[in-house]
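Single-structure report; data block below.
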Amino acid sequence: MTKISLIWVCLLAAGTAHAAEPLRLHPQNPHYFLFRGKPAVLVASTEHYGAVLNLDFDFRAYLDELKSHGLNLTRTFSGVYCEAPGNFNIKNNTLAPLDGRFASPWARSDEPGYAGGGNKFDLKRWDESYFERLKEFISQAGQRGVVVELVLFCPFYEESMWARSPLNTVNNVNEIGKVVRTDVYALKNDALTGVQTELVEKLARELNDFDNLYYEICNEPYFGGVTLAWQARIAATLVEAEKKLSVRHLIAQNIANGSQKIERPDENVSIFNFHYATPPDAVAANFDLNRPIGDDETGFRGSDDVTYRSEGWEFLLAGGAVYDNLDYSFTTEQESGAARPDAPGGGGRVLREQLGVLKRFVESFDLVMMRPDRSVLTGLPDKVSAQVLANPGKEYALYLRGGASVEFALRLPAGKYRLEWLHPSSGKTEGQRQLTAGTEPVRLIAPAYNEDIALAIRRVTSDER
Numbered sequence: 002m003t004k005i006s007l008i009w010v011c012l013l014a015a016g017t018a019h020a021a022e023p024l025r026l027h028p029q030n031p032h033y034f035l036f037r038g039k040p041a042v043l044v045a046s047t048e049h050y051g052a053v054l055n056l057d058f059d060f061r062a063y064l065d066e067l068k069s070h071g072l073n074l075t076r077t078f079s080g081v082y083c084e085a086p087g088n089f090n091i092k093n094n095t096l097a098p099l100d101g102r103f104a105s106p107w108a109r110s111d112e113p114g115y116a117g118g119g120n121k122f123d124l125k126r127w128d129e130s131y132f133e134r135l136k137e138f139i140s141q142a143g144q145r146g147v148v149v150e151l152v153l154f155c156p157f158y159e160e161s162m163w164a165r166s167p168l169n170t171v172n173n174v175n176e177i178g179k180v181v182r183t184d185v186y187a188l189k190n191d192a193l194t195g196v197q198t199e200l201v202e203k204l205a206r207e208l209n210d211f212d213n214l215y216y217e218i219c220n221e222p223y224f225g226g227v228t229l230a231w232q233a234r235i236a237a238t239l240v241e242a243e244k245k246l247s248v249r250h251l252i253a254q255n256i257a258n259g260s261q262k263i264e265r266p267d268e269n270v271s272i273f274n275f276h277y278a279t280p281p282d283a284v285a286a287n288f289d290l291n292r293p294i295g296d297d298e299t300g301f302r303g304s305d306d307v308t309y310r311s312e313g314w315e316f317l318l319a320g321g322a323v324y325d326n327l328d329y330s331f332t333t334e335q336e337s338g339a340a341r342p343d344a345p346g347g348g349g350r351v352l353r354e355q356l357g358v359l360k361r362f363v364e365s366f367d368l369v370m371m372r373p374d375r376s377v378l379t380g381l382p383d384k385v386s387a388q389v390l391a392n393p394g395k396e397y398a399l400y401l402r403g404g405a406s407v408e409f410a411l412r413l414p415a416g417k418y419r420l421e422w423l424h425p426s427s428g429k430t431e432g433q434r435q436l437t438a439g440t441e442p443v444r445l446i447a448p449a450y451n452e453d454i455a456l457a458i459r460r461v462t463s464d465e466r
């Protein structure tokens with residue numbers, strides 16, 4: 002290849018990346034996403050957010066594993082926060098790099114003394130090798146159809162975590178961050194806030210061309226003194242930085258564990274995330290905001306696959322748009338996710354296969370027309386819970402949990418429909434059958450199942466009769 006040809010190839014490649022439209026809200030139904038021209042939900046079972054900041058983690062093998070199951074999301078922390086070995090009783094924690102193996106946005110100084118091994122940080126200089134690693138991670142994810150949720154900040158739950166942050170004055174040479182850990186994200190220290198906003202601006206510049214990216218302001222800001230005013234400042238900083246660039250990315254805000262009604266949504270925020278959102282009350286409580294609602298962290302409920310599989314099914318069939326299980330089978334020694342989880346949570350290949358079934362099931366419907374609607378069900382036993390997405394008179398997606406078989410009735414507009422039962426644990430179907438709906442509810446008996454079952458109902462067109 003001649004030098005001139007090579008230049009043209011590089012220019013064309015740059016133009017293609019620049020022209021790619023980033024993940025955005027679907028213009029016809031902003032409860033869901035539009036990604037690379039198709040309606041989308043984001044579903045995954047992902048490592049503990051250390052893929053970039055932990056230099057011992059081979060993220061290519063990890064991303065290959067997500068792709069192999071059709072999963073399309075990963076969540077990663079920016080390198081402002083890391084954990085110490087043993088935090089939260091997590092063994093082989095990817096978010097707790099070994100001494101000297103922590104990558105952060107800031108360059109190391111010549112002065113020894115960082116608590117996690119090696120030299121202290123210089124908050125006035127960037128570590129360009131970190132940004133190259135971050136960009137390579139997002140690029141490799143994009144090649145596999147995986148969207149990256151980049152979490153900018155995280156509160157310091159314990160002193161052991163604050164002790165390892167570059168923002169702590171003991172870990173940098175700039176005499177910045179001489180505050181208690183609960184004041185780090187509270188607009189109480191101008192120098193500290195300045196470092197934080199400079200980082201946001203730097204990330205906006207470095208990552209602007211990626212289409213498979215959105216930002217989360219702060220992981221679990223309801224812990225550790227993080228204020229709403231500070232969160233608003235970070236979101237506004239990101240928006241202002243991207244105004245000078247070609248692309249604007251979506252911004253997510255983590256609202257609560259479980260559920261909470263959002264009373265005053267930030268106009269700069271497009272995605273509202275919850276953790277451990279089971280039952281999926283957060284979706285119904287905030288559905289009128291016309292924004293995607295996410296359940297982007299799970300765990301602390303044992304290691305059984307059904308626990309996290311059912312949480313994902315219930316959340317998405319309630320109208321949610323994001324589900325991410327915290328998967329402890331990914332370690333620096335088993336980046337392909339073959340380790341046995343040794344932490345307060347689950348994960349593993351079987352669960353990832355099951356979540357792939359969930360994603361394919363949801364996206365097999367005309368998402369832009371679907372809305373949660375349990376009114377089509379009647380006569381369901383108390384022991385069985387149900388979630389329904391509906392495009393009335395055309396398509397219905399049902400998820401039932403509990404019992405081993407169940408009889409109930411459906412209220413459907415008159416017409417002929419095709420039914421297909423699916424077992425979420427295996428992905429196997431029971432075959433198709435037809436029913437005719439009239440003025441009265443139609444009785445159905447589900448096939449025998451173990452723990453849960455799903456049902457797809459689609460109106461039969463004249464060509465299919």
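My numbering puts the first residue of the sequence shown at 2, with every later residue one more than the last. From the three backbone atoms N, C-alpha and C, an ideal C-beta is built for every residue, glycine too. Note that the coordinates shown come from a computational prediction; the quantities given were computed from them, not determined experimentally.
> Cα separation between Glu-48 and Val-323?
Replying inline: 16 Å
> Leaving out the 5 sequence neighbours to the left and right, which residues in its chain are closer than 6 Å to Tyr-397 when beta-carbon positions are compared?
Replying inline: Ala-391 and Ile-458
> Buried or exposed: where does Val-42 fall if 16 or more other Cβ atoms within 10 Å of its Cβ makes it buried?
Replying inline: buried
>> So, at 7 Å on beta carbons, what are the nonlocal neighbours of Val-10 in its own chain, with the 5 sequence-adjacent residues on each side left out?
In response: Because Val-10 sits at a pLDDT of 40, beneath the cut-off of 50, its placement in the model cannot be relied upon, and the following sentence gives the value as read from the coordinates. Nothing meets the Cβ criterion.
>> Lys-360 and Arg-460 - do their beta-carbons sit closer together than 8 Å?
In response: no
> Based on the DSSP secondary-structure assignment, which residues constitute the bridge partners of Thr-379?
Replying inline: Ala-410
>> Does Val-53 pass the burial test, meaning 16 or more other C-beta atoms within 10 Å, or should it be called exposed?
In response: buried
> When DSSP builds the beta bridges, which residues end up paired with Val-149?
Replying inline: Thr-75 and Leu-214
>> Can you confirm whether the segment 133–150 touches the segment 201–218 when touching is taken to mean that 3 or more C-beta pairs between the two stretches lie within less than 8 Å?
In response: yes
> CA-CA distance, Lys-4 and Ala-242?
Replying inline: Low confidence applies to Lys-4: its pLDDT is 40, below 50, so where it sits in the model is not reliable enough to give any reading.
> Which residues mark the beginning and the end of the beta strand (DSSP E) in which Ile-294 is found?
Replying inline: 294–296
>> If I measure Cβ to Cβ from Phe-36 and keep anything under 6 Å in the same chain, skipping five residues before and after, which residues do I get?
In response: Leu-24
>> Would you call the segment 339–350 in contact with the segment 281–293, where contact means no fewer than 3 C-beta pairs closer than 8 Å?
In response: no
> What distance in whole Å lies between the Cβ atoms of Ala-410 and Ala-449, which are believed to be in contact at a cut-off of 8 Å?
Replying inline: About 19 Å; that fails the 8 Å criterion.
>> Assuming Arg-134 is part of the alpha helix (DSSP H), what are its boundary residues?
In response: 129–144
> Under the criterion of a Cβ to heavy atom distance below 7 Å, does Ala-340 qualify as lining the ligand SAM?
Replying inline: This structure simply doesn't include the ligand SAM, nor any ligand for that matter.
>> Spatial neighbours of Gly-1 within its chain, please: C-beta separation below 7 Å, excluding the five flanking residues on both sides.
In response: Lying before the first or after the last residue shown, residue 1 is absent from the chain, which here runs from 2 to 466.
>> So, at 7 Å on beta carbons, what are the nonlocal neighbours of Ala-21 in its own chain, with the 5 sequence-adjacent residues on each side left out?
In response: Asp-212
>> Out of Arg-419, Leu-445, Asn-451 and Glu-441, which one is the CA nearest neighbour of Lys-429?
In response: Asn-451
>> Assuming Leu-401 is part of the beta strand (DSSP E), what are its boundary residues?
In response: 396–402
> For Arg-434, is the classification buried or exposed, using 16 other Cβ atoms within 10 angstroms of its Cβ as the cut-off for buried?
Replying inline: exposed
> Taking the alpha-carbon positions, what's the Ile-454 to Val-389 distance?
Replying inline: 12 Å
>> With DSSP as the reference, identify every bridge partner of His-276, one or two as the case may be.
In response: Asn-258
>> According to DSSP, Gly-80 sits in a beta bridge with which residue or residues?
In response: Looking at the DSSP assignment, Gly-80 forms no beta bridge with any residue, so it has no partner.
> By how many angstroms is the C-alpha of Tyr-186 removed from the C-alpha of Leu-13?
Replying inline: Note that Leu-13 scores a pLDDT of 37, beneath 50, so its modelled location is shaky and nothing firm can be said.
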